[in-house]
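For the sequence shown, UniProt numbering assigns the number 1 to the initial residue and increments by one for each residue that follows. In what follows, a single structure is set out as structure tokens and then discussed.
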Amino acid sequence: MPKSAKKKRQADIDFDASNSSSVNSFSLTNEQIIQISKNVLELLKPSIVEIIKTTISEILPTLTSSNSSQSNSASQTIPTTPWGSPPTSLAPSPILVTKLISSVASNTELLKEKSCRAVLEKLPNSCDENLVVGQIVEKCGLTDKYISNLTHRHPKSLSSEPSNSNSKPKIIKIQFSDTGSRDKFLFSFRKAIYNLPSLPKNLTIRRDMTPCELAILYSQRSKAYELNKSCGLFKYYVVDLEIRQGLYCKPQINNDNLNKNNSNSIESIPCLYFNSRSLGNKIPDFKHFINQHDPYICLVTETWLTNQNFIPSDFSFDGKYQCFYANRETKKGGGVLILVHRDIPTKVIFSGSKFSCEIIILKLILKKVIYLINLYRPPNTSIANTKKLLKFITDFSCKEIILTGDFNVPGINWQENTCDSTSLSKMLIGWVDQNQLKQHVVEPTREDKVLDLILSHPFETVYNLEILEQFSSSDHKSIKFLIRISLQKHKTANFKRQITSKGFINMNKFLATFNFENLLSSYFSVNDKYNVFTEIIYFIFNKFHPIKSVKRIVKESYNDKIKTLYKEKLGIHRLLKVKHSKELQLKYRIITRQLRLELKKFYYKKESNIISKGANFMHKFIRNKLKSGNRIETLIDPDGKICSNDQDKCDLLAKVFSESFKVDENQEIKDINNKTENLTDIDFTVLDVLEMLKKSPNKNSTSPDNVPYILLRNSSEILAPIITDLFRLALDSRQIPNLWRKSIIVPIHKKEMLHSSCKTNKQNINFP
1 MPKSAKKKRQ
11 ADIDFDASNS
21 SSVNSFSLTN
31 EQIIQISKNV
41 LELLKPSIVE
51 IIKTTISEIL
61 PTLTSSNSSQ
71 SNSASQTIPT
81 TPWGSPPTSL
91 APSPILVTKL
101 ISSVASNTEL
111 LKEKSCRAVL
121 EKLPNSCDEN
131 LVVGQIVEKC
141 GLTDKYISNL
151 THRHPKSLSS
161 EPSNSNSKPK
171 IIKIQFSDTG
181 SRDKFLFSFR
191 KAIYNLPSLP
201 KNLTIRRDMT
211 PCELAILYSQ
221 RSKAYELNKS
231 CGLFKYYVVD
241 LEIRQGLYCK
251 PQINNDNLNK
261 NNSNSIESIP
271 CLYFNSRSLG
281 NKIPDFKHFI
291 NQHDPYICLV
301 TETWLTNQNF
311 IPSDFSFDGK
321 YQCFYANRET
331 KKGGGVLILV
341 HRDIPTKVIF
351 SGSKFSCEII
361 ILKLILKKVI
371 YLINLYRPPN
381 TSIANTKKLL
391 KFITDFSCKE
401 IILTGDFNVP
411 GINWQENTCD
421 STSLSKMLIG
431 WVDQNQLKQH
441 VVEPTREDKV
451 LDLILSHPFE
461 TVYNLEILEQ
471 FSSSDHKSIK
481 FLIRISLQKH
491 KTANFKRQIT
501 SKGFINMNKF
511 LATFNFENLL
521 SSYFSVNDKY
531 NVFTEIIYFI
541 FNKFHPIKSV
551 KRIVKESYND
561 KIKTLYKEKL
571 GIHRLLKVKH
581 SKELQLKYRI
591 ITRQLRLELK
601 KFYYKKESNI
611 ISKGANFMHK
621 FIRNKLKSGN
631 RIETLIDPDG
641 KICSNDQDKC
651 DLLAKVFSES
661 FKVDENQEIK
671 DINNKTENLT
681 DIDFTVLDVL
691 EMLKKSPNKN
701 STSPDNVPYI
711 LLRNSSEILA
721 PIITDLFRLA
731 LDSRQIPNLW
741 RKSIIVPIHK
751 KEMLHSSCKT
761 NKQNINFP
């Protein structure tokens with residue numbers, strides 16, 4: 001062996017010996033080893049991120065090309081991105097998610113540390129992060145869970161750019177002692193920011209995760225949700241990007257009281273019944289009562305309304321309910337009312353006075369037909385009339401039926417199904433047993449008597465019955481119950497065109513620069529020219545006055561005083577159910593009176609604010625108040641098909657209309673050749689057309705060409721020359737556009753025939 005090799009080998013041995021001796025002489029603690037590992041990980045993190053990005057960029061082209069053949073058919077109907085995925089759901093592919101999970105989840109220590117950390121973004125570099133984070137954490141009530149010495153700004157990534165106050169703010173990593181505290185901080189962060197006015201409002205908070213890790217989290221949550229849904233239990237959950245299985249599994253909640261789920265249907269129909277003892281002077285109380293309980297069906301007795309003081313808009317709640325009523329015509333008192341949610345197809349069987357009683361009979365057309373009856377029987381009704389009334393109802397008792405009302409028969413103990421010796425009580429309880437009806441109210445509804453009844457057949461149709469507080473100043477208690485039948489909800493979007501004066505100014509500027517002559521010169525027929533012109537006008541109109549969806553807020557937002565008084569009223573009502581006391585009853589009446597006064601003030605102020613805006617607002621308010629809130633109800637065609645939505649109703653009415661106005665093919669049409677005068681020309685100028693356009697009504701109503709009057713009126717000076725040329729061309733060529741041969745026909749039911757069937761009311765279609 002040469003000398004140089006021997007010397008080199010000896011040097012290596014000496015180095016190893018010295019190295020081993022130095023290690024043996026100095027030992028590292030566990031905390032130091034962990035800290036060194038963290039520092040090394042922070043240094044290597046940018047490189048790891050670059051490796052993941054490179055891997056993803058290599059995988060995506062192959063995944064895209066393999067899925068391109070499958071997505072060709074779907075891309076014809078669904079708008080796609082350049083990557084072939086719908087723009088609303090750019091989720092990573094399952095293969096990519098699996099690879100990312102295996103790479104990220106391998107470092108469990110890092111994931112555990114990240115699960116206790118939040119990331120604050122958009123805080124300027126000039127701000128003291130410790131001071132700001134400390135204030136936010138204190139507002140969230142997490143001071144004892146906050147680890148301040150581990151909270152820091154993220155070091156700048158590998159870059160040689162100098163740090164200054166104008167550069168992009170670095171993120172701040174906030175450390176907590178456990179995951180629950182981190183989650184609570186994320187939840188209450190926004191509220192804490194609004195309570196600290198000195199801090200910027202654009203601050204954002206998120207989990208300490210990279211975009212890839214967030215994609216994994218959302219994918220794993222979706223899988224856990226599907227697993228829970230398939231087994232019907234809360235069994236699977238996500239922790240540290242891993243799906244875990246719980247030891248004690250809860251069944252998924254199906255709360256019949258709320259009747260709500262994630263689909264567009266409800267499992268049962270909530271109903272509310274009460275005796276109002278005069279409804280005309282309690283409209284504010286009525287609106288508040290309905291808003292609080294939010295029933296799908298509301299049944300009211302003793303409305304004391306007449307046809308003269310009845311305003312339908314007070315009971316439609318902006319079209320939420322269909323209103324059915326039977327007012328007493330001869331003397332004061334009585335009257336019944338039913339409000340039915342517009343999602344429930346309904347037919348009126350009878351509505352009016354019969355045998356000295358007011359009664360409404362409705363047919364609810366659901367999965368199975370249910371007859372809903374609401375009646376008021378005055379105390380002085382004779383035995384003979386009561387017998388006739390019960391016989392009249394008997395015709396529906398063999399079907400599925402729900403019967404509600406104030407019968408004024410106090411001598412029956414419904415809990416034990418016994419009665420006193422009066423013939424009225426014996427007749428009613430015998431009729432109930434004979435027709436196999438179930439009476440569900442067993443608690444007193446007025447003082448110590450059961451006057452208001454809820455009967456049903458079969459028995460299980462009505463359930464979860466509950467006695468509530470009195471409505472306003474009425475001395476009858478309210479009743480809440482559920483109908484055991486599912487209902488499909490129809491979410492119809494409401495749209496409104498955003499018409500503004502500024503929009504017309506900008507639109508007219510655009511129209512002034514648009515060259516219609518060059519565009520229309522490439523078309524030859526009058527029909528083509530007119531169609532292109534109207535399409536362009538309508539497109540420009542939509543651009544500057546777009547149609548936007550409007551969320552109709554039916555539920556009122558009451559002030560704090562009304563909410564407080566209502567809570568006090570409910571609290572005293574609960575005490576009265578436990579212990580009857582004159583002192584509590586007096587306090588209950590006082591709070592009820594105060595609540596009525598505050599509700600009147602609330603609605604008076606609301607109406608005053610509308611009217612004070614000007615005459616136009618006042619006239620609009622009065623028109624909306626007086627117009628009927630009823631739409632055309634559910635129709636049934638001659639074949640028995642039920643038409644409940646607007647499209648089906650429109651098709652049925654169009655069919656009936658066309659059948660009523662058919663031209664007889666065998667009819668001989670006489671040839672009339674005795675024309676003595678011909679109209680060869682009409683003299684009109686641009687000024688004549690301009691004057692006509694300026695006189696157009698300022699309305700958004702339209703015609704088959706989709707050009708609204710308000711557009712012609714506000715853009716008359718620009719459109720008049722073009723319209724004049726088109727009219728002159730049509731007159732000279734003796735051709736008219738095909739759109740001029742069409743018209744919009746609106747079927748309008750006469751008021752007295754609003755609840756008639758389509759088959760018997762087809763002659764009552766008017767031209768508006």
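From the three backbone atoms N, C-alpha and C, an ideal C-beta is built for every residue, glycine too.
Item: Would you please state the rounded distance, in angstroms, between the beta carbons of I642 and L487? I believe it to be under 8 angstroms.; Value: I642 to L487, Cβ: 14 angstroms. No contact.
Item: Mind pulling the alpha helix (DSSP H) runs of 4 or more residues that sit fully within the segment 113–155?; Value: 129–139
Item: One question on the structure: do K468 and N408 come within less than 8 angstroms of each other, judged by their Cβ atoms?; Value: It is worth fixing the name first, because residue 468 is Leu in this sequence and not Lys. Against a cut-off of 8 angstroms, the Cβ pair of N408 and L468 comes out as no contact.
Item: Residue 778 lies in the beta strand (DSSP E); which residues open and close that run?; Value: Lying before the first or after the last residue shown, residue 778 is absent from the chain, which here runs from 1 to 768.
Item: Suppose you measure from the CA of I36 to the CA of L186; what does that come to, to the nearest Å?; Value: 30 angstroms
Item: Among residues of its own chain, excluding the 5 on either side of L565, which ones have a beta-carbon nearer than 7 angstroms to its beta-carbon?; Value: I591, Q594, L595, E598
Item: The alpha helix (DSSP H) spanning R190 covers which residue range?; Value: 179–194
Item: In the structure shown, what three-state DSSP assignment does R207 receive?; Value: strand
Item: Applying the 10 Å Cβ sphere with the 16-neighbour rule, what's the burial state of D178?; Value: exposed
Item: So the alpha helix (DSSP H) E607 belongs to, where does it begin and stop?; Value: 582–611
Item: According to DSSP, what are the bridge partners of N526?; Value: Rather than Asn, the amino acid found at residue 526 in this sequence is Val. None; V526 has no bridge partner.
Item: By the three-class DSSP mapping on this structure, what secondary structure does Y371 have?; Value: strand
Item: Mind listing, in chain order, the continuous beta strand (DSSP E) runs of no fewer than 3 residues lying wholly within the segment 421–488?; Value: 452–457, 462–470, 477–483
Item: Counting pairs of beta carbons, one from the segment 496–507 and one from the segment 708–715, are three or more of them closer than 8 angstroms?; Value: yes
Item: Going by DSSP, what residue range makes up the beta strand (DSSP E) through F317?; Value: Segment: none, F317 is in no beta strand (DSSP E) and carries neither H nor E.
Item: Pick helix, strand or coil for P270, following the three-state DSSP scheme.; Value: strand
Item: CA-CA distance, E691 and P721?; Value: 12 angstroms
Item: Would you decide whether K229 is buried or exposed? Buried here means 16 or more other CB atoms lie within 10 Å of its CB.; Value: exposed
Item: Which residue's Cα is closest to the Cα of K388: L364, K579, W431, K332?; Value: W431
Item: Give me whichever residues DSSP pairs with H341 in a beta bridge.; Value: Y321
Item: Where does L626 fall in DSSP's three states?; Value: helix
Item: Excluding the 5 residues flanking K649 on each side, which residues of the same chain have their C-beta closer than 7 angstroms to its C-beta?; Value: I632, L635, C643
Item: Checking 8 angstroms against the spacing of the C-beta atoms, do K489 and I290 come in under that value?; Value: no
Item: In or out: L142 buried (at least 16 other Cβ within 10 Å) or exposed?; Value: buried
Item: So, with DSSP's three-state summary, where would you put S549?; Value: strand
Item: Taking the continuous alpha helix (DSSP H) assigned at V656, which residues delimit it?; Value: 646–660
Item: What three-state label does DSSP hand L299 in the structure shown?; Value: strand
Item: Taking the alpha-carbon positions, what's the L120 to L203 distance?; Value: 7 angstroms
Item: Quickly, what does DSSP pair R497 with across the bridge? List them, please.; Value: I547
Item: Examine the Cβ distances between the segment 371–382 and the segment 305–316 and report whether three or more of them are shorter than 8 angstroms.; Value: no
Item: Would you give the residue range spanned by the beta strand (DSSP E) that I572 belongs to?; Value: Per DSSP, I572 belongs to no beta strand (DSSP E); it is in the alpha helix (DSSP H), 560–578.
Item: Which two residues bound the contiguous beta strand (DSSP E) that contains E358?; Value: 357–365
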